[in-house]
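Visitor: Going down the list, the sequences are from chains P and C.
Quick note: to get the working numbering, add 2 to the position in the first sequence (first position is 1).
Quick note: to get the working numbering, add 260 to the position in the second sequence (first position is 1).
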Amino acid sequence: MTSNSDFHNDFGQLPGDSSAAERRLNLSKQSEMPDMLKRDRFELLSAYLDGEVTAIERRQVENWLATDPSAQCLYARLLKLRQGFHMLSVPQPEKTVEQTVEEVFARIDRRPKLTVLWGGAGAAVAALLVGVMTGVFSGVQVPEQRMPSVAQQPKVAPEVMKIALDRPVVNIPKTPIADPIETQPAFHSPHPVRNPN
Amino acid sequence: MSHSIPVSWSTVEAVVPQVSVPAEKLSNYDLVLRCQTGLRPERAAFAELLRRYQSHVDKILYHLAPDWQDRADLAQEVWIRVYRNIKRLQEPVKFRGWLSRIATNLFYDELRRRKRVSQPLSLDAPRTLDDGEMDWELPASDPGPDEDLTTREFYDQLREAIADLPEVFRTTIVLREIEGMAYEEIAELTGVSLGTVKSRIARARQRLQSQLQNYLDGE
Numbered sequence: 003m004t005s006n007s008d009f010h011n012d013f014g015q016l017p018g019d020s021s022a023a024e025r026r027l028n029l030s031k032q033s034e035m036p037d038m039l040k041r042d043r044f045e046l047l048s049a050y051l052d053g054e055v056t057a058i059e060r061r062q063v064e065n066w067l068a069t070d071p072s073a074q075c076l077y078a079r080l081l082k083l084r085q086g087f088h089m090l091s092v093p094q095p096e097k098t099v100e101q102t103v104e105e106v107f108a109r110i111d112r113r114p115k116l117t118v119l120w121g122g123a124g125a126a127v128a129a130l131l132v133g134v135m136t137g138v139f140s141g142v143q144v145p146e147q148r149m150p151s152v153a154q155q156p157k158v159a160p161e162v163m164k165i166a167l168d169r170p171v172v173n174i175p176k177t178p179i180a181d182p183i184e185t186q187p188a189f190h191s192p193h194p195v196r197n198p199n
Numbered sequence: 261m262s263h264s265i266p267v268s269w270s271t272v273e274a275v276v277p278q279v280s281v282p283a284e285k286l287s288n289y290d291l292v293l294r295c296q297t298g299l300r301p302e303r304a305a306f307a308e309l310l311r312r313y314q315s316h317v318d319k320i321l322y323h324l325a326p327d328w329q330d331r332a333d334l335a336q337e338v339w340i341r342v343y344r345n346i347k348r349l350q351e352p353v354k355f356r357g358w359l360s361r362i363a364t365n366l367f368y369d370e371l372r373r374r375k376r377v378s379q380p381l382s383l384d385a386p387r388t389l390d391d392g393e394m395d396w397e398l399p400a401s402d403p404g405p406d407e408d409l410t411t412r413e414f415y416d417q418l419r420e421a422i423a424d425l426p427e428v429f430r431t432t433i434v435l436r437e438i439e440g441m442a443y444e445e446i447a448e449l450t451g452v453s454l455g456t457v458k459s460r461i462a463r464a465r466q467r468l469q470s471q472l473q474n475y476l477d478g479e
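1. Suppose you measure from the CA of Ala462 (chain C) to the CA of Leu321 (chain C); what does that come to, to the nearest Å?
2. May I ask which residues mark the beginning and end of the alpha helix (DSSP H) holding Val452 (chain C)?
3. Would Arg430 (chain C) pass as a contact of Ile422 (chain C) if the rule is Cβ separation under 8 Å?
4. Roughly how many angstroms separate the alpha carbons of Ala332 (chain C) and Thr102 (chain P), rounded to a whole number?
5. Are the C-beta of Asp52 (chain P) and some C-beta of chain C separated by less than 8 Å?
6. According to DSSP, is Gln94 (chain P) helix, strand or coil?
7. Using a C-beta to C-beta distance shorter than 9 Å, which residues of chain C count as neighbours of Ala49 (chain P)?
8. Spatial neighbours of Leu468 (chain C) within its chain, please: C-beta separation below 6 Å, excluding the five flanking residues on both sides.
9. Please list, in chain order, all residues of the same chain as Tyr289 (chain C) whose beta carbon is under 7 Å from its beta carbon, the five residues on each side excluded.
10. Can you tell which of P:Glu100, P:Leu39, P:Ser48 has the C-alpha that lies nearest to the C-alpha of Ser459 (chain C)?
11. Name the chain C residues that come within less than 8 Å of Ile110 (chain P), Cβ to Cβ?
12. For Ala283 (chain C) and Ile446 (chain C), what's the separation of their Cα atoms in angstroms?
13. My output table needs one value for Gln74 (chain P): the three-state DSSP class, helix, strand or coil.
14. Would you identify the three-state DSSP class for Ala462 (chain C), choosing helix, strand or coil?
15. Can you pull the chain C residues whose beta carbon is under 7 Å from the beta carbon of Val63 (chain P), in chain order?
16. Taking C-beta pairs closer than 9 Å, name the residues in chain C that Glu59 (chain P) reaches, listed in chain order.
17. Quick one: which chain D residues come within Cβ less than 8 Å of Thr102 (chain P)?
18. So, at 8 Å on beta carbons, what are the nonlocal neighbours of Leu67 (chain P) in its own chain, with the 5 sequence-adjacent residues on each side left out?
19. Tell me which same chain residues have a C-beta within less than 7 Å of the C-beta of Leu310 (chain C), skipping the five on either side of it?
20. Using a Cβ cut-off of 8 Å (strictly closer), state whether Leu90 (chain P) contacts chain C.
21. Taking 8 Å as the CB-CB cut-off, is Glu302 (chain C) touching chain P?
22. In whole angstroms, what is the alpha-carbon distance linking Thr56 (chain P) and Gln329 (chain C)?
23. Helix, strand or coil: which one does DSSP assign to Ser229 (chain C)?
24. Any beta carbon of chain P sitting closer than 8 Å to that of Lys319 (chain C)?
25. Identify the contact partners of Tyr289 (chain C) in chain P, using a Cβ-Cβ distance below 9 Å as the criterion.
26. Looking only at its own chain, which residues have a Cβ that is under 6 Å from the Cβ of Leu324 (chain C), when we skip the five neighbours before and after it?
27. Within 10 angstroms of the Cβ of Gln155 (chain P), are there 16 or more other Cβ atoms? Answer buried if so, exposed if not.
28. Compare the beta carbon distance of Leu476 (chain C) and Arg84 (chain P) with 8 Å and say whether it is the shorter of the two.
29. Residues of the segment 421-439 of chain C with a CB closer than 7 Å to any CB of chain P: list them in chain order, please.
30. Could you have a look at Arg467 (chain C) and say whether DSSP puts it in helix, strand or coil?
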């Protein structure tokens with residue numbers, strides 16, 4: 003590849019360096035022009051054709067074209083080559099445009115269904131993956147966690163709630179005669195406690 | 261690249277605008293505009309757009325990939341991308357350039373994929389893809405074509421000469437001459453420097469003009 007430095011050494015000299023430019027232009031007319039110079043000159047001409055040159059480069063090429071018949075010949079060839087590109091047709095495509103229209107719509111219509119299908123499959127895989135990952139990281143607790151907590155209640159609740167309300171929790175020994183005064187607090191009793199003996 | 265739009269297909273079908281002017285009678289610009297209305301391009305308008313520009317897509321793909329047998333599939337993929345993304349096109353007047361860019365990007369995607377899966381070149385294979393392999397010398401005055409060669413033969417020769425260019429030179433000159441891209445655009449697209457683009461275009465032209473000079477010097 004031609005480097006920019008080569009490019010500027012040959013053609014990118016400053017305006018005040020016109021004597022160097024003239025020497026190079028004269029050199030271009032000689033058949034023994036160095037390869038690198040030929041390459042750079044062709045590259046400059048090619049860029050000029052595409053409008054990809056600086057103002058200084060444009061003046062240089064135009065000067066060259068005005069004075070050098072070989073440059074004019076080369077430039078005329080490049081113009082014809084460009085015209086050839088623009089006029090160039092391509093071989094008949096294997097499918098007609100109507101076939102292309104039909105097949106493009108068929109592919110457009112098919113793709114969303116495939117997307118849904120793949121989306122569903124993806125969701126299933128994701129769910130499976132979540133399940134597996136949960137199992138891996140939480141180990142044996144998984145079955146318990148998956149069981150609802152209320153499921154354990156029936157075993158405990160009936161036992162706790164089976165309290166016979168009509169029976170005392172502690173067996174109370176029966177006395178032959180109930181003394182209603184005993185039920186009163188002792189310090190409130192105006193009567194002394196009777197000795198059963 | 262796939263895009264999903266969270267609407268049901270029945271909705272998509274329902275919102276297609278009913279426009280009285282047939283798609284065939286619209287200008288290119290209006291056709292693009294109509295394709296941009298609604299959630300999805302109107303079918304009749306999109307089909308008409310495809311009919312008008314398919315030859316352009318064919319031309320680009322042919323010159324970028326003259327030896328690929330499945331260019332028709334690639335062309336279909338181009339249109340699917342257009343269908344999905346045409347609403348994003350900011351300036352409908354630039355549709356042709358935008359389409360070229362899609363076709364070119366797709367070609368490069370596919371080229372990279374094929375290079376990844378293809379066998380590596382043997383060490384003694386000629387390095388025809390390298391930038392330094394092209395000859396700068398003008399050929400000697402080989403026996404050229406007879407003077408009565410027709411224009412058609414010139415185009416056949418030109419087509420063949422373009423196809424015979426090493427890949428990097430062919431793609432670069434095609435981007436310039438067929439697609440009309442600026443050097444800077446080509447540099448950006450192909451991931452090389454501006455100097456390399458300039459050099460590749462010049463070398464491709466040098467090769468072509470030297471091969472075809474007997475045709476080019478005529479008249």
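Even for Gly, the Cβ is constructed at its ideal location relative to N, Cα and C.
As the structure is a prediction and not an experimental result, all values here were calculated from the model.
Guide: In short, the structure shows the following:
1. Along the second sequence, one-based indexing puts residue 462 (chain C) at 202. Along the second sequence, one-based indexing puts residue 321 (chain C) at 61. Cα to Cα, the separation comes out at about 22 Å.
2. The residue labelled residue 452 (chain C) in the question sits at position 192 within the second sequence. For Val452 (chain C), there is no enclosing alpha helix (DSSP H), since its DSSP letter is neither H nor E.
3. If you number the second sequence from 1, residue 430 (chain C) lands on position 170. If you number the second sequence from 1, residue 422 (chain C) lands on position 162. Here Arg430 (chain C) is near Ile422 (chain C), since their CB atoms are less than 8 Å apart.
4. Stepping through the second sequence from its first residue, residue 332 (chain C) is reached at position 72. Stepping through the first sequence from its first residue, residue 102 (chain P) is reached at position 100. Computed Cα separation, rounded: 8 Å.
5. In the first sequence, counting from the first residue as 1, residue 52 (chain P) sits at position 50. Residue-level contact by beta carbon holds for Asp52 (chain P) and chain C, with a gap shorter than 8 Å.
6. Position 92 of the first sequence, counted from the first residue, corresponds to residue 94 (chain P). The three-state reading of DSSP puts Gln94 (chain P) in coil, since its state is none of H, G, I, E or B.
7. Residue mapping note: residue 49 (chain P) aligns to position 47 of the first sequence, counting from 1. Correct list: Tyr443, Lys458, Ile461, Ala462.
8. Position 208 of the second sequence, counted from the first residue, corresponds to residue 468 (chain C). Residues Ala421 of the same chain have their beta carbon placed closer than 6 Å to that of Leu468 (chain C), with the five preceding and five following residues left out of the count.
9. On the second sequence, position 29 is the one that residue 289 (chain C) refers to. Around Tyr289 (chain C): Pro352, Val353.
10. Counted from its first residue, the second sequence places residue 459 (chain C) at position 199. Nearest C-alpha to Ser459 (chain C) among P:Glu100, P:Leu39, P:Ser48: P:Ser48.
11. Numbered from its first residue, the first sequence carries residue 110 (chain P) at position 108. What Ile110 (chain P) touches in chain C: Ile340, Tyr343.
12. Against the second sequence, residue 283 (chain C) aligns to sequence position 23. Against the second sequence, residue 446 (chain C) aligns to sequence position 186. Per the coordinates, the alpha-carbon of Ala283 (chain C) lies some 34 Å from the alpha-carbon of Ile446 (chain C).
13. Here residue 74 (chain P) refers to the residue found at position 72 of the first sequence. Residue state, collapsed to three classes: helix.
14. Walking along the second sequence from the start, residue 462 (chain C) turns up at place 202. Ala462 (chain C) sits in a helix when the DSSP states are folded into three classes.
15. Residue numbering aside, residue 63 (chain P) sits at position 61 when the first sequence is read from its first letter. Result: empty, since nearest Cβ-Cβ is about 13 Å, beyond 7 Å.
16. Stepping through the first sequence from its first residue, residue 59 (chain P) is reached at position 57. Neighbours of Glu59 (chain P) in chain C, taken as residues whose beta carbon is under 9 Å from its own, are absent, since the nearest beta carbon is some 11 Å off.
17. The structure shown contains no chain D; its protein chains are P and C.
18. The residue given as residue 67 (chain P) occupies position 65 in the first sequence. The beta carbon of Leu67 (chain P) lies closer than 8 Å to those of Ala73, Gln74, Tyr77 in the same chain, with the five residues before and after it left out.
19. Counted from its first residue, the second sequence places residue 310 (chain C) at position 50. Within the same chain, Leu310 (chain C) has close Cβ partners Trp339.
20. Locating residue 90 (chain P) in the first sequence gives position 88, counting from the first residue. Judged by the 8 Å Cβ criterion, Leu90 (chain P) is in contact with chain C.
21. For the purposes of this step, residue 302 (chain C) is taken as the residue at position 42 of the second sequence. Cβ-Cβ to chain P under 8 Å: no for Glu302 (chain C).
22. As a first step, residue 56 (chain P) is located in the first sequence; it is residue number 54 there, counting from the start. As a first step, residue 329 (chain C) is located in the second sequence; it is residue number 69 there, counting from the start. Looking at the two C-alpha atoms, the distance is approximately 42 Å.
23. For chain C, the structure presents residues 261 to 479; residue 229 (chain C) sits outside this window and is missing.
24. One-based indexing of the second sequence puts residue 319 (chain C) at position 59. Closer than 8 Å: yes.
25. In the second sequence, the residue the question calls residue 289 (chain C) occupies position 29. Chain P residues near Tyr289 (chain C): none, gap ~21 Å exceeds 9 Å.
26. Counting from one through the second sequence, the residue named residue 324 (chain C) turns up at place 64. Cβ neighbours of Leu324 (chain C) beyond the five flanking positions: Phe367, Thr431, Val434.
27. Here residue 155 (chain P) refers to the residue found at position 153 when the first sequence is read from its first residue. For Gln155 (chain P), the predicted structure reports a pLDDT of 40, less than 50, and the residue's modelled location is therefore unreliable. A value from the coordinates is still provided. Gln155 (chain P) is classed as exposed because its beta carbon has fewer than 16 other beta carbons within 10 Å across all chains shown.
28. As a position in the second sequence, residue 476 (chain C) is number 216, starting the count at 1. As a position in the first sequence, residue 84 (chain P) is number 82, starting the count at 1. Between Leu476 (chain C) and Arg84 (chain P), the C-beta spacing is not below 8 Å.
29. Going along the segment 421-439 of chain C in chain order, one finds Arg436, Glu437, Ile438 with a Cβ nearer than 7 Å to chain P.
30. What you label residue 467 (chain C) is simply residue 207 of the second sequence in a count that begins at 1. DSSP places Arg467 (chain C) in helix when its eight states are reduced to three.
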